[in-house]
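Remarks on the structure that follows.
2 protein chains.
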Amino acid sequence: MTKASTAVIKQIKGGVLAASGFRGAGLACGIKSEKGRKDLALLVPDAPAVAAATFTQNKVRAASVLWDASVLKKHSHVRAVVVNSGNANACTGDRGELDTQTMASTVAGALGCLTDEVLVSSTGIIGKFLPIEKIISGIGKAHKALSNNPAAAGRFADAIQTTDTVRKDFALRVEHDGGSFAIGGCAKGAGMIGPNMATMLCYITTDAEVDVKTLRRMLLQSVNVSLNCISVDGHNSTNDTVLLLSSGASGYKVSTAEREKVFKDALDRVAIELAKAIIRDGEGATKLVQIDVTGAKTMADAKLVAHAISRSPLNLTAVHGGDPNWGRFVSSAGYSGAAMKAEKTTLFINGKLTFDHGMPADTPTEELATEMRKEEIVLHIDMGLGSGKATYWCCDLSREYITINADYHT
Amino acid sequence: MTKASTAVIKQIKGGVLAASGFRGAGLACGIKSEKGRKDLALLVPDAPAVAAATFTQNKVRAASVLWDASVLKKHSHVRAVVVNSGNANACTGDRGELDTQTMASTVAGALGCLTDEVLVSSTGIIGKFLPIEKIISGIGKAHKALSNNPAAAGRFADAIQTTDTVRKDFALRVEHDGGSFAIGGCAKGAGMIGPNMATMLCYITTDAEVDVKTLRRMLLQSVNVSLNCISVDGHNSTNDTVLLLSSGASGYKVSTAEREKVFKDALDRVAIELAKAIIRDGEGATKLVQIDVTGAKTMADAKLVAHAISRSPLNLTAVHGGDPNWGRFVSSAGYSGAAMKAEKTTLFINGKLTFDHGMPADTPTEELATEMRKEEIVLHIDMGLGSGKATYWCCDLSREYITINADYHT
Chain A
10 MTKASTAVIK QIKGGVLAAS GFRGAGLACG IKSEKGRKDL ALLVPDAPAV
60 AAATFTQNKV RAASVLWDAS VLKKHSHVRA VVVNSGNANA CTGDRGELDT
110 QTMASTVAGA LGCLTDEVLV SSTGIIGKFL PIEKIISGIG KAHKALSNNP
160 AAAGRFADAI QTTDTVRKDF ALRVEHDGGS FAIGGCAKGA GMIGPNMATM
210 LCYITTDAEV DVKTLRRMLL QSVNVSLNCI SVDGHNSTND TVLLLSSGAS
260 GYKVSTAERE KVFKDALDRV AIELAKAIIR DGEGATKLVQ IDVTGAKTMA
310 DAKLVAHAIS RSPLNLTAVH GGDPNWGRFV SSAGYSGAAM KAEKTTLFIN
360 GKLTFDHGMP ADTPTEELAT EMRKEEIVLH IDMGLGSGKA TYWCCDLSRE
410 YITINADYHT
Chain B
10 MTKASTAVIK QIKGGVLAAS GFRGAGLACG IKSEKGRKDL ALLVPDAPAV
60 AAATFTQNKV RAASVLWDAS VLKKHSHVRA VVVNSGNANA CTGDRGELDT
110 QTMASTVAGA LGCLTDEVLV SSTGIIGKFL PIEKIISGIG KAHKALSNNP
160 AAAGRFADAI QTTDTVRKDF ALRVEHDGGS FAIGGCAKGA GMIGPNMATM
210 LCYITTDAEV DVKTLRRMLL QSVNVSLNCI SVDGHNSTND TVLLLSSGAS
260 GYKVSTAERE KVFKDALDRV AIELAKAIIR DGEGATKLVQ IDVTGAKTMA
310 DAKLVAHAIS RSPLNLTAVH GGDPNWGRFV SSAGYSGAAM KAEKTTLFIN
360 GKLTFDHGMP ADTPTEELAT EMRKEEIVLH IDMGLGSGKA TYWCCDLSRE
410 YITINADYHT
């Protein structure tokens, strides 16, 4: 084995267009009722790009998810991705499937490729038919606006949003082994966020050259420690899609175990940053909570514990109120389904010992309250039973979440 | 088989003391910070009563739950039940177990029975030690105050509450087959309510004569269609207990299949009424939602669907806002884990067709909105796959829930 060379990693601008070999566009075509709000996005690689994707595990799958899954069964490469926001095109039956196909064929017509080389995503309200004429006309304009400059990446990222309040993008340049590649992406999602092997919309591109088998395997692994480890409200959507495209334009070939590790680390970092950006912008969120579970009997158990803690409204309101009511966190671990013995369990809030092997710790309540009032909180629960571990991220549950979701309807 | 005689059933007053052969008391002993708020309750059968109970499935079990489970393993009959509210005595280790035993032995001393013939329940904040001196002195006063009149039943029901805002009790008199019996009970619970084979605190008494094996079997069956089918926030507590005591004082002996059915029907009705009372008084609740699932592949699948719909903050906020955003309900069924095909699925909101075999129904949105704005909403989802069915109850999620739970801490 040769000596491993060190990778130099820098954060860069450009989001989903940071990697070379991609052009994008984002504009308003009139799906959203707010005039001028962007709702149509197009991403086009200069040449067919190797594609990997994960989709929602919800048994009610939007027309676009059904379409994309069938495209990727047939093809290792794709020619375009078209996204509309403001309407999920889910629970819309045959007409919904026809509308998705029309979106793909309109893009294919403009680019001169096959319809089933075009991926489609939709996000927004469930159970309404798409305003397909507006979308057809929007696709024509988006095709003319395609560009590889960072502003276009920003427009793409904006056009995929629904209740999001900030743009979520992140990109890295990696120099390694005499070569260099970029990897970057953008994501949308602020509600109906519940991890289940795929989540929300997320587009990641790279100009590293990766074969389709490796790309698909790495995406699954990466999503399982990032975008599948977040929850705003535990509600798994009908449209969740994570897409990773490789143009190979950098000439950096992921061809050795060492290069695979370098690429995977960069991919994980981009996916985790985008996942955390979704949580920071969670509907009504004022705080970011990281849940570190260690010492679980198995890794599956660690995930169960993190999952249960991240989803209880009681826990999320305690976080919102800055309330060190830690019994709620411990009791969530107790009903999570994971193996647990209270007398082996220890809980730390921002590093402060809170629950000590089945008993309240000596740390003064006021000291814990000070930690709970911070904007970023790390809950570390050690189960004392094994070596299983997991990290999840969630946000607090606020009155603003109620306001957003009691009133959202188009 | 002889002709079945009809049972005549009447609702009566008296709650947990409606059945003959029981005395009760409830008073303030100073556990709660609000002066004069009742926090200690005592229930004493005139003679040893046949006892059945179900407890929380949370792996973190309060000292009182551990104690009661061991008592009922040894004994078919009990002599008393003592309950404190304001402190759950959970996550309190050895000292917590000693405190529970002290509560039991204090009652045993006053009554002249064995310590392990006394059941103990605690409810309130997790992770604090009990003020045991106050409780010992309170038990002495409660023993002197024991009475079988309805006012005492009310004091008992009040003294077991935490964030509850109304008293929850219900009782029936059943005349059947030349005999008559009463069955009644009370419950507490407004938050940390998530069904998992046992839930919150609930005490039901009867003067029907039932053997211990039948009583325990029937309680499990009854809890599975009532108190296990409710959710306020899906958070399964460390202290949940449902207790059913039979004094046999009425002379009505549950000795035939027909009498068993009559008794079981009455038990189900009491348990369902108390379950619904908990939901109506759910923290911040303004609406009662009944979720009827039919046509599921199996009964287990029907429960998964009802469970998923009842727990999503997105669904509960839609209910709160009177918003017919039905795609949320359908998508919850989709991620519930149950078998589902959108094209076989139908949803009705208060009987109005909403989602029709995979497509939006023609019912105007404004008509659905009118139903969603009502105080009681029935969501009926038919899966079109089999004969599995289940009914669950839940409440809406309001800003008031956040206020209550972001600020609750002692």
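Protein sequence lines correspond, in order, to chains A and B.
Using this note's numbering, you'd call the opening residue of the first sequence number 10 and step up by one each time.
Using this note's numbering, you'd call the opening residue of the second sequence number 10 and step up by one each time.
For every residue, glycine included, the Cβ atom is placed at its ideal position computed from N, Cα and C.
Exercise. What distance in whole Å lies between the Cβ atoms of residue 354/B and residue 393/B, which are believed to be in contact at a cut-off of 8 angstroms?
Worked result: Right, the Cβ-Cβ distance comes to about 6 angstroms (below 8 angstroms), so this counts as a contact.
Exercise. Taking residue 341/B as the reference, which of 67/A, 46/A, 19/A, 29/A has the closest Cα?
Worked result: When each option's Cα is compared against that of residue 341/B, the closest is 67/A.
Exercise. Any C-beta of chain B sitting closer than 8 angstroms to the C-beta of residue 323/A?
Worked result: Taking Cβ atoms only, chain B reaches closer than 8 angstroms to residue 323/A, which makes this a yes.
Exercise. If you draw a straight line from the alpha carbon of residue 119/B to that of residue 158/B, how long is it in whole angstroms?
Worked result: Going by the C-alpha atoms only, they are around 21 angstroms apart.
For this session: Write down the C-beta distance between residue 85/A and residue 302/A rounded to the nearest angstrom, noting that I regard them as a contact closer than 8 angstroms.
Result: Contact doesn't hold; Cβ gap of about 37 angstroms is too wide.
For this session: Note down, in chain order, every chain B residue with its Cβ under 9 angstroms from the Cβ of residue 369/A.
Result: Going along chain B in sequence order, the residues near residue 369/A (Cβ under 9 angstroms) are 100, 101, 102, 136, 137, 138.
Exercise. How many angstroms separate the CA atom of residue 46/B from the CA atom of residue 320/B?
Worked result: When rounded, the distance between both Cα atoms is 31 angstroms.
Exercise. Do we get a CB-CB distance below 8 angstroms when we pair residue 344/B with the residues of chain A?
Worked result: Yes, its Cβ sits closer than 8 angstroms to a Cβ of chain A.
For this session: Check each candidate in 161/B, 60/B, 298/B and name the one with the smallest Cα separation from residue 239/B.
Result: Out of 161/B, 60/B, 298/B, 298/B has the C-alpha closest to the C-alpha of residue 239/B.
For this session: In the DSSP assignment, find the unbroken beta strand (DSSP E) run with residue 357/B in it and report its ends.
Result: Residues 355-358.
For this session: Report, in whole angstroms, the separation of the C-beta atoms of residue 69/B and residue 349/A, which I expect to be a contact under 8 angstroms.
Result: With 8 angstroms as the limit, residue 69/B and residue 349/A qualify as a contact, their Cβ atoms being about 7 angstroms apart.
Problem set entry | Own chain partners of residue 305/A with C-beta closer than 7 angstroms, once the 5 adjacent residues on each side are dropped | If we look at residue 305/A and ignore the five residues flanking it on each side, its Cβ neighbours are 311, 314, 347, 392, 394, 395, 397, 398.
For this session: Return yes when the Cβ of residue 60/A is within less than 8 angstroms of the Cβ of residue 252/A, no when it is not.
Result: Closer than 8 angstroms, so yes.
For this session: Using a Cβ-Cβ cut-off of less than 9 angstroms, list which residues of the segment 63-83 of chain B approach chain A; keep chain order.
Result: For the segment 63-83 of chain B, the residues whose beta carbon sits under 9 angstroms from a beta carbon of chain A are, in order, 65, 66, 67, 68, 69, 70.
Problem set entry | Where the segment 241-268 of chain A meets chain B: residues whose CB sits under 7 angstroms from a CB there | Residues of the segment 241-268 of chain A that bring their beta carbon within less than 7 angstroms of a beta carbon in chain B comprise 242, 243, 244, 245, 246, 247, in sequence order.
Problem set entry | Closest residue to residue 246/B among 97/B, 42/B, 411/B (Cα-Cα distance) | It is 97/B whose Cα lies nearest to the Cα of residue 246/B.
Problem set entry | Same chain, Cβ closer than 7 angstroms to residue 14/B, five either side skipped, listed in chain order | Answer for residue 14/B: 185, 186, listed in chain order.
Exercise. Is it right to say residue 56/A is buried, meaning 16 or more other beta carbons lie within 10 angstroms of its own, or is it exposed?
Worked result: Result: exposed.
For this session: Please report how far the alpha carbon of residue 335/A lies from the alpha carbon of residue 352/A, in whole angstroms.
Result: Each residue's alpha carbon lies about 15 angstroms from the other.
Problem set entry | Beta-carbon spacing of residue 88/A, residue 122/A below 8 angstroms | Against a cut-off of 8 angstroms, the Cβ pair of residue 122/A and residue 88/A comes out as a contact.
Exercise. If we count the other Cβ atoms within 10 Å of its Cβ and call it buried at 16 or more, is residue 208/B buried or exposed?
Worked result: Note that residue 208/B scores 45 on pLDDT, short of 50, meaning its location in the model is unreliable and no value can be drawn from it.
Exercise. Among residues of its own chain, excluding the 5 on either side of residue 257/A, which ones have a beta-carbon nearer than 6 angstroms to its beta-carbon?
Worked result: Around residue 257/A: 218.
Problem set entry | Sequence ranges, beta strand (DSSP E) only - wholly within the segment 290-345 of chain A, length at least 3 | Complete beta strand (DSSP E) runs here, min 3: 297-305.
For this session: Run down chain B in chain order and give the residues with a C-beta less than 8 angstroms from the C-beta of residue 364/A.
Result: Under the 8 angstroms cutoff, chain B gives 100, 136.
Problem set entry | Residues sharing a beta bridge with residue 420/B, DSSP | Coverage of chain B is limited to positions 10 through 419, which leaves residue 420/B absent and any answer about it impossible.
For this session: Would you check if the distance between the CB atom of residue 388/A and the CB atom of residue 325/A is smaller than 8 angstroms?
Result: Going by C-beta atoms, residue 388/A is not nearer than 8 angstroms to residue 325/A.
Exercise. If you draw a straight line from the C-alpha of residue 192/A to the C-alpha of residue 384/A, how long is it?
Worked result: CA-CA distance, residue 192/A to residue 384/A, rounds to 29 angstroms.
For this session: Could you tell me whether any Cβ in chain D is nearer than 8 angstroms to the Cβ of residue 335/B?
Result: Within the model displayed, chain D is absent; protein chains A and B are what it includes.
Exercise. Chain B partners of residue 411/A, CB-CB under 7 angstroms?
Worked result: What residue 411/A touches in chain B: 326, 329, 406, 407, 408, 411.
For this session: Please state if the CB of residue 248/B and the CB of residue 65/B are separated by a distance shorter than 8 angstroms.
Result: In this structure, residue 248/B lies closer than 8 angstroms to residue 65/B by Cβ.
Problem set entry | Separation of residue 339/B from residue 357/B, as counted between CA atoms | Residue 357/B and residue 339/B have their C-alpha atoms spaced approximately 11 angstroms apart.
For this session: Just the chain A side, please: which residues come within less than 7 angstroms of residue 302/B by C-beta, in chain order?
Result: By Cβ distance, chain A contributes nothing, its closest Cβ being about 14 angstroms from residue 302/B, past 7 angstroms.
Exercise. Looking at residue 169/B and residue 132/B, is the spacing between their C-beta atoms short of 8 angstroms?
Worked result: Yes; because the gap between Cβ atoms is below 8 angstroms, this pair is in contact.
For this session: Using a Cβ cut-off of 9 angstroms, pull out every chain A residue sitting near residue 339/B, in sequence order please.
Result: Within chain A, the residues near residue 339/B are 69, 99, 100, 135, 136, 247.
Problem set entry | residue 164/B in three-state terms, based on DSSP | DSSP places residue 164/B in helix when its eight states are reduced to three.
Exercise. Starting from residue 387/A and walking both ways along the alpha helix (DSSP H), at which residues does that stretch end?
Worked result: Careful: residue 387/A lies outside any alpha helix (DSSP H), inside the beta strand (DSSP E) at 385-391.
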